[in-house]
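Residue numbers (the working numbering): 27 to 593.
Don't be surprised by glycine CBs; every beta carbon is placed ideally from N, CA and C.
Worksheet: the structure to be examined is printed underneath.
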């Protein structure tokens, strides 16, 4: 359904965008309304384009309703940080904003960005201005546009990483919305030279749904490139970045009980040279703009456009707009989608340090002072920071002579172990879920420590404690933690109950399958215990758990199946 389709067939969100005056809506009036902590109708949807979500504390809902109070409204803000890069000065400023305007924590996301939680309405503008003062912003961090562009956080070849970052930044800037609304509303009318209210790429109603792009540098796939709408997989020749194999049509979101929705892995589209990257990204976005489903938002991602019309049709449409044919895809190979923790040398005098951040949450409490520890690294030791797609952080450019001092600082802050406690914990990811996410059906981030501990105890029972099994937990089926790629995934169905998915791999190249539905946590642990016993007794040497489940026939015999796990 193209942008000029019959208005009667469009969703209400499409009508909202159309009449929003390029994303302005009544946001300014909402901010001025001191009677309520919420925004006016329609403005929460438009706020996403500006980088924030309206939420309420669901732990307090019932009590506040009983007391006839409105929900405890607050806002989650995302920072747009292409490639997850952050300078020490930016880190310190962003951390200070977390302390003064948010709930005192920084959340590292699976898209290499920061999230602030607990920002109340009267602090929204000050927080946005504070972010802008760091030369970062929140434009298009959410909404029906291209979101934060990811890049593999580590590479054996620094020059290749630098080139990929440059390409990612170029794509990110090129695909930004052009509306002046952000600067008018949040920066007191400040205008940037050359801005207009025309949207040459997005048009008046932007994209049908969100759009995600990543750049992956083999052999590391920490960005899970096949889960993205558009991917660029680096092709390295003679130590230099020759170009990319382009992938299209990945996506994780699902709706429980709706078989027309499903996770999908991206398909290879072709090979492009570096000078073609921006043009290809634009035309892929434009084809989705014109042909994505604007009537059914559950069917509006690029994966459905390609599934419905075919990859050959999509390639032809992109090439016709480009004016040239794409080269055949070039082979690429991944070895892992996990992070490597600890010290790595970056040159003769400098080292990088990859730190494990449990659940992606930096905070200070009586057990750990991770927020303050990272501030001290920014003040005294780091040349920069790179957030990873697995919710961890790489501290870059530490002087070799400072390693012992840094180790002591981490020990004093409760971060003495540069490695996670065990391989399962190293690969464990969770979305935020309760209490703030409006879509959450079950716990995720808050449940992750106990779930990881319980699953690891079962692995240990069968002599598998050192096995690198991937575990991901999602509070709902929308897939922010990319659960459908994990060897073990728990997808929230109701409080304390999850669908159990099994059989992904450790490279991000295979979807898992629905194994059992709507299980309480104890049943999940019992189920995994039996599977671990079988795995321990029957596995081949060095055979990963997900591979074993497929080879042994466990999934074929028992999978609850969405019928698209290998699509």
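Run the CB neighbour count on residue i, radius 10 Å, all protein chains shown included, and call it buried at 16 or more, exposed below.
i	result
residue 445	exposed
residue 92	exposed
residue 354	exposed
residue 493	buried
residue 417	buried
residue 217	Model confidence at residue 217 stands at a pLDDT of 49, short of 50, so the residue's coordinates are unreliable; what they give is reported in the following sentence. The residue in question, residue 217, is exposed, as its Cβ has fewer than 16 Cβ neighbours within 10 Å.
residue 525	buried
residue 574	buried
residue 358	buried
residue 349	exposed
residue 379	buried
residue 544	exposed
residue 215	exposed
residue 285	exposed
residue 253	buried
residue 95	exposed
residue 522	exposed
residue 41	exposed
residue 546	exposed
Bridge partners of residue i, per DSSP?
i	result
residue 263	266
residue 81	100
residue 467	Note: residue 467 sits in no beta bridge, so no partner.
residue 8	Residue 8 lies beyond the residue range present for the chain, which begins at 27 and ends at 593; the question has no answer from this structure.
residue 489	Answer is none; residue 489 lacks a bridge partner.
residue 527	515, 540
residue 172	237
residue 256	239, 274
residue 395	390
Classify residue i as helix, strand or coil using the three-state DSSP reduction.
i	result
residue 143	strand
residue 112	strand
residue 71	helix
residue 315	helix
residue 591	Because residue 591 sits at a pLDDT of 35, beneath the cut-off of 50, its placement in the model cannot be relied upon, and the point is left open.
residue 573	helix
residue 410	strand
residue 126	helix
residue 43	helix
residue 646	What is shown of the chain runs 27 to 593, which leaves residue 646 out entirely.
residue 519	strand
residue 340	helix
residue 510	helix
residue 501	coil
residue 240	strand
residue 456	strand
residue 277	strand
residue 387	strand
residue 558	helix
residue 348	helix
residue 296	strand
residue 218	Confidence at residue 218 is low in this model, with a pLDDT of 49, below 50, so the placement of that residue should be treated as unreliable; the coordinate-derived value is given next. Here residue 218 sits in coil by DSSP.
residue 402	helix
residue 581	helix
residue 55	helix
residue 49	coil
residue 475	helix
residue 449	helix
residue 353	strand
residue 28	Low confidence applies here, because residue 28 scores a pLDDT of 48, under 50, leaving its location unreliable; read the following figure in that light. Three-state result, residue 28: coil.
residue 191	helix
How many whole angstroms separate the CB atoms of residue i and residue j, which I take to be in contact at a CB cut-off of 8 Å?
i	j	result
residue 98	residue 139	With 8 Å as the limit, residue 98 and residue 139 do not qualify as a contact, their Cβ atoms being about 25 Å apart.
residue 488	residue 558	5 Å
residue 613	residue 530	The requested residue 613 is not part of the displayed model; the chain covers only 27 to 593.
residue 388	residue 400	6 Å
residue 454	residue 422	About 24 Å separates the two Cβ atoms, so there is no contact after all.
residue 274	residue 256	6 Å
residue 570	residue 532	6 Å
residue 537	residue 291	6 Å
residue 459	residue 452	Between residue 452 and residue 459 the Cβ distance is about 21 Å, and since that is not below 8 Å, they are no contact.
residue 153	residue 145	5 Å
Does the ligand GDP have even one heavy atom less than 7 Å from the beta-carbon of residue i?
i	result
residue 276	With respect to the ligand GDP, the structure shown offers nothing to examine, as it has no ligands at all.
For chain B, check one thing: does any of its Cβ atoms lie closer than 8 Å to the Cβ of residue i?
i	result
residue 69	Here chain B cannot be found, since the structure has a single protein chain.
Item to complete: Tell me, please, whether the stretch 160-168 touches the stretch 239-248 by the rule of three or more beta-carbon pairs shorter than 8 Å.
Response: no
Discussion item. Taking contact to mean 3 or more Cβ pairs, one atom from each stretch, closer than 8 Å, check whether the stretch 417-437 and the stretch 262-281 are in contact.
Written reply: no
Worksheet item: If we count Cβ pairs, one from each stretch, closer than 8 Å, do we get three or more for the stretch 120-138 versus the stretch 63-75?
Response: no
Item to complete: Spell out a yes or no on whether the stretch 319-329 and the stretch 200-208 are touching, meaning 3 or more CB-CB pairs, one atom from each, closer than 8 Å.
Response: no
Discussion item. Would you call the stretch 178-187 in contact with the stretch 363-380, where contact means no fewer than 3 C-beta pairs closer than 8 Å?
Written reply: yes
Discussion item. Three or more C-beta pairs under 8 Å: does that hold for the stretch 287-303 against the stretch 334-352?
Written reply: yes
Practice prompt. Evaluate contact between the stretch 189-204 and the stretch 54-71, counting only Cβ atoms and requiring at least three cross-stretch pairs below 8 Å.
Written response: no
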